[in-house]
Amino acid sequence: MNFETLRAGVSGPVLLPGDAGYAEELAGYNLTVVHAPQVVVGATSAEDVQAAVRFAAEHGLPIAILGAGHGSSVSDEGSLLITTRRLTGLVIDEDARTARVEAGVRWGEFIEQASKVGLAALNGSSPTVTVVSYTLGGGLGPFGRKHGYAADHVTALDVVTADGELRHVTAESEPDLFWALRGGKGNFGVVLAIEFGLFPIAAFYGGGIFFPGELAADVLHLFQEWTQDLPEEMSASVGLLHLPPLPFVPEPLRDRLVAHLRITYLGSPSEGAVLVQPFRDLGTPIIDAVGILPYAAIASVHSDPVDPLPLFEHGALLRELPKEAVDTVLRFAGPDAASPLVLAEIRHMGGALSRTPEVPNAVGNRDDTLYNVFLVAAGGPPDAAVLHGYEQQLIDALGPWSTGRRYLNFMFAGDAGPETAVLAFTPESYERLAGIKRRFDPANLFRINHNIRPAA
Ligand SMILES: Cc1cc2nc3c(=O)[nH]c(=O)nc-3n(C[C@H](O)[C@H](O)[C@H](O)COP(=O)(O)OP(=O)(O)OC[C@H]3O[C@@H](n4cnc5c(N)ncnc54)[C@H](O)[C@@H]3O)c2cc1C
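Numbering of the sequence shown is given in my numbering, commencing with residue 482 and proceeding in unit increments.
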């Protein structure tokens with residue numbers, strides 16, 4: 482294969498294994514994923530992406546896409562991999578309350594800019610994931626119960642499809658592709674930029690409360706009762722965290738189990754304080770950081786680690802959370818468990834997350850999901866089978882309350898394939914996605930992901 486023709490058509494770096502800068506270009510968040518593409522293209526423009534996609538199509542190379550590397554899933558060995566980190570355009574229109582964000586922009590940067598003009602978007606827990614990749618997979622964030630998924634507010638996307646065409650996709654210009662891209666993630670092309678609506682949220686009542694492991698059962702049982710009847714203004718999750726003895730963990734939380742309640746309330750702070758009081762009555766927390774926070778501090782609600790880590794995850798969507806389900810989570814991840822999990826999280830869903838948005842999209846499994854369970858274990862590849870095995874046991878034990886389905890953005894690190902992609906959508910949506918895939922990517926070039934196979 483003559484990579485010189487590719488180099489001639491691309492302004493950014495085109496790197497082969499062994500070239501200086503190849504490994505650096507492939508650096509991402511999740512250290513369990515070892516990238517080994519045949520060639521890497523560091524895209525600097527739409528033209529670079531078009532040249533790379535056309536080269537891959539001509540030579541039958543599968544195409545992998547790397548944003549910030551939190552969600553890499555299957556091996557990209559032998560692929561042509563496109564990195565998006567140089568696509569850093571970010572425009573916020575204060576009057577129109579809209580944003581246009583290119584594929585390399587991470588949430589941290591977006592939040593900093595938007596908060597300066599008193600606007601907010603539906604970012605997730607982590608400030609280091611890219612806005613585009615997160616949104617294409619749905620985008621489940623701390624304002625979700627009030628405003629839905631991030632994908633629900635997207636109005637336009639610029640995408641290079643498998644034929645090398647650059648398309649400006651809206652509900653009017655390409656209705657099918659517009660529906661599929663918002664939820665179907667990386668299956669339909671390289672998305673260069675997205676446009677979406679913003680919210681006038683300068684501040685909110687919320688934050689995190691860390692309770693000692695001894696209170697874990699009380700916190701989770703209260704969370705179970707409390708979430709049976711909550712206003713949509715309140716989005717909440719609770720995580721059992723086994724925090725390592727590492728410097729990035731604040732000293733009082735280091736090397737111990739904690740129960741971490743995270744809340745965001747979009748009503749009045751005094752109502753929020755009343756709502757959260759039952760947790761404060763449970764006992765003395767290690768840290769209580771709930772109060773009135775500026776949107777600029779939204780990432781502190783979850784306080785996700787920002788430095789790269791070796792993570793294996795698993796998850797399940799639950800239709801209900803009875804007391805027995807909480808006991809099951811505690812049995813595998815609570816104070817008495819010899820658990821390899823660094824995080825066992827239960828997010829409360831429902832509200833706007835359950836409703837079809839004004840312009841429907843492919844984001845799956847809305848109707849019957851009331852809780853999202855997300856498990857994370859940390860370790861190197863030799864531990865993969867053990868860690869995944871433990872996670873699977875817990876997921877199996879939650880079977881009686883599970884919908885048997887998954888949330889696409891919470892599938893990564895060795896957890897992909899057609900079998901898993903099917904679980905992220907309703908059967909009707911999956912069938913429609915497969916049909917759209919056949920139209921726009923019949924050779925399935927975009928298959929280094931949770932792959933939606935082109936319909937036969
Ligand atoms: C610590 C942590 C916290 C998280 N919290 C949340 C959360 O609160 N809510 C939530 O919804 N998700 C959450 N996620 C999941 C995260 O949103 C997804 O994994 C997301 O895809 C990561 O973005 P990235 O840029 O790191 O993606 P990458 O790993 O670089 O990409 C993942 C996949 O996305 C696709 N992709 C990336 N860029 C493009 C593009 N430009 N065009 C087309 N396809 C593309 C490709 O298929 C690629 O394989 C979290 C993940 C981690 C590790």
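Positions of the beta carbon are idealized from the N, C-alpha and C atoms, including for glycine.
From a predicted model like this one, the values you see are computed outputs, not experimental measurements.
Ala602 and Ala936 have their C-alpha atoms some 35 Å from each other. At least one heavy atom of ligand 1 is found less than 7 Å from the C-beta of Leu547.
By the C-beta density criterion, Gly619 is buried, having at least 16 other C-beta atoms within 10 angstroms. A distance below 8 Å separates the beta carbons of Phe891 and Gly796. The beta carbon of Val719 is closer than 8 Å to those of Val700, Leu701, Phe704, Ala740, His741, Leu742, Arg743, Glu826, Ile827 in its chain, skipping five residues each way along the sequence.
Buried is the label assigned to Ser560, since at least 16 other Cβ atoms lie within 10 Å of its Cβ. Between Gly605 and Trp588, the beta carbon gap of about 7 Å places them in contact (Cβ cut-off 8 Å).
DSSP places Ile933 in the coil class of the three-state scheme, outside both helix and strand. When the Cα atoms are used, Gln594 and Glu805 turn out to be separated by approximately 44 Å.
In the DSSP annotation of this structure, the continuous segment of the alpha helix (DSSP H) that includes His540 starts and ends at 527 to 540. The beta carbon of Val491 is closer than 7 Å to those of Val522, Asp529, Ala532, Ala533 in its chain, skipping five residues each way along the sequence.
A direct Cα-to-Cα measurement between Gly688 and Gly860 gives close to 29 Å. If the five residues before and after Trp707 are omitted, its C-beta is found closer than 7 Å to the C-beta atoms of Pro759, all from its own chain and listed in chain order. Out of Ser556, Phe685, Val598, Val730, the CA that lies nearest to the CA of Asp574 is found in Val598. Beta-bridge partners assigned by DSSP to Asn890: none are found.
By the criterion of a C-beta distance shorter than 6 Å, Gly916 is surrounded in its chain by Ala936, once the five residues flanking it on both sides are discounted. In the DSSP annotation of this structure, the continuous segment of the alpha helix (DSSP H) that includes Ser910 starts and ends at 908 to 921. In the structure shown, Pro881 adopts helical secondary structure according to DSSP, grouped into three states.
As the crow flies, the alpha-carbon of Arg567 is around 11 Å from that of Ala527. In this structure, the C-beta of Ile929 approaches ligand 1 to less than 7 Å from one of its heavy atoms. Ala814 sits close to Leu721, with the two beta carbons spaced by under 8 Å. With fewer than 16 other CB atoms across the displayed protein chains lying within 10 angstroms of its CB, Val515 is exposed. Rounded to whole angstroms, Thr636 and Glu583 show a C-alpha spacing of 14 Å. Taking 8 Å as the cut-off, the Cβ atoms of Thr579 and Leu679 count as close.
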